[in-house]
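S.K.: Before I ask anything, here is the structure I am working with.
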Amino acid sequence: QGVNPESGPLARPFNWKEWERWGQAHAALLEGARVQAIGVPERPQFSGGFIKDEFLLRFSGARRDGSLVVSLRSRAPYLYWSEGRGPRASSVATRSGFLMALSKRLVGCKVRGLEVVAHERVVALWFSQSDGSEIGLAFLLIPTAPDAHLLLKTASGELQMMARSRGGSGGG
Numbered sequence: 003q004g005v006n007p008e009s010g011p012l013a014r015p016f017n018w019k020e021w022e023r024w025g026q027a028h029a030a031l032l033e034g035a036r037v038q039a040i041g042v043p044e045r046p047q048f049s050g051g052f053i054k055d056e057f058l059l060r061f062s063g064a065r066r067d068g069s070l071v072v073s074l075r076s077r078a079p080y081l082y083w084s085e086g087r088g089p090r091a092s093s094v095a096t097r098s099g100f101l102m103a104l105s106k107r108l109v110g111c112k113v114r115g116l117e118v119v120a121h122e123r124v125v126a127l128w129f130s131q132s133d134g135s136e137i138g139l140a141f142l143l144i145p146t147a148p149d150a151h152l153l154l155k156t157a158s159g160e161l162q163m164m165a166r167s168r169g170g171s172g173g174g
């Protein structure tokens, strides 16, 4: 299922081969599912009740419901699939501009596919919008500088960055 954030610190971040295997194992779980909500997981064992640079995407679909927990923390980036509703959303966590942009653009969208860039620590989810356009959410899971980018694929096939998790447009 990937890294379990509940079981303690990650021994080491995944390399590109492990991300390729993760993508193969999780593509079928995510394809066709719809984004229901985006939030910050509650982590009562931490002083603030949540972890900075961690968020979740809650999905529902014909195959199964689940949550994708995303950590973009330095030296500890991970993606973790949780069956069912997954972790409870925090009631005290602040939502960054990036998470607000994700909520605005992705809630209600259907996952078209999951892509892992060959020989890289990059995992992307592609979504279909109701108007037929495509949006991508790319996770750059490089331990020294993890990041996420919300991308719009134009009619000509070009990619435009709409928001990113670190600095720049919509950062937080």
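Going by the numbering used here, 117 is the number at position 115 of the sequence shown; the sequence numbering is gapless.
Don't be surprised by glycine CBs; every beta carbon is placed ideally from N, CA and C.
Keep in mind the model is a prediction, meaning the values are calculated, not measured.
1. So, helix, strand or coil for Q26, using DSSP?
2. At least one CB of chain D closer than 7 Å to the CB of M102: is that the case?
3. Please report the distance separating the alpha-carbon of N6 from that of R77.
4. When you compare the CB positions of R90 and E44, do they come within less than 7 Å of one another, or not?
5. Using the Cα positions of S69 and C111, report the straight-line distance between them to the nearest angstrom.
6. Near V109, what residues of its chain come up, given a Cβ to Cβ distance below 8 Å and the 5 sequence neighbours on each side ignored?
7. I'd like to know if the stretch 12-26 and the stretch 114-128 are in contact, where contact means that at least 3 CB-CB pairs between them fall below 8 Å.
8. I'd like to check one pair, F61 with A95: are the Cβ atoms closer than 7 Å?
9. Quick check on the DSSP output: the beta strand (DSSP E) that includes S105 runs from which residue to which?
10. Hey, how far is the Cα of R123 from the Cα of S73?
11. Which whole runs of the beta strand (DSSP E) in the stretch 46-116 are 3 residues long or more, in chain order?
M.R.: Walking through what the data contain:
1. In this structure, Q26 counts as helix in the three-state DSSP scheme.
2. Although the question refers to chain D, the structure presented lacks it and comprises just one protein chain.
3. Confidence at N6 is low in this model, with a pLDDT of 47, below 50, so the placement of that residue is unreliable and no value is reported for it.
4. Result yes, Cβ atoms of R90 and E44 sit closer than 7 Å.
5. When rounded, the separation of the alpha-carbon atoms in S69 and C111 is 15 Å.
6. These residues qualify, in order along the chain: V37, Q38, A39 and I40.
7. The answer is yes - the stretch 114-128 touches the stretch 12-26, with three or more Cβ pairs under 8 Å.
8. No, Cβ-Cβ distance for A95 and F61 is not below 7 Å.
9. Counting along the chain, S105 sits inside no beta strand (DSSP E); it lies in the alpha helix (DSSP H) bounded by residues G99 to L108.
10. The alpha-carbon atoms of R123 and S73 are separated by roughly 14 Å.
11. Runs of the beta strand (DSSP E) inside the stretch 46-116: 56-62, 68-75 and 78-85.
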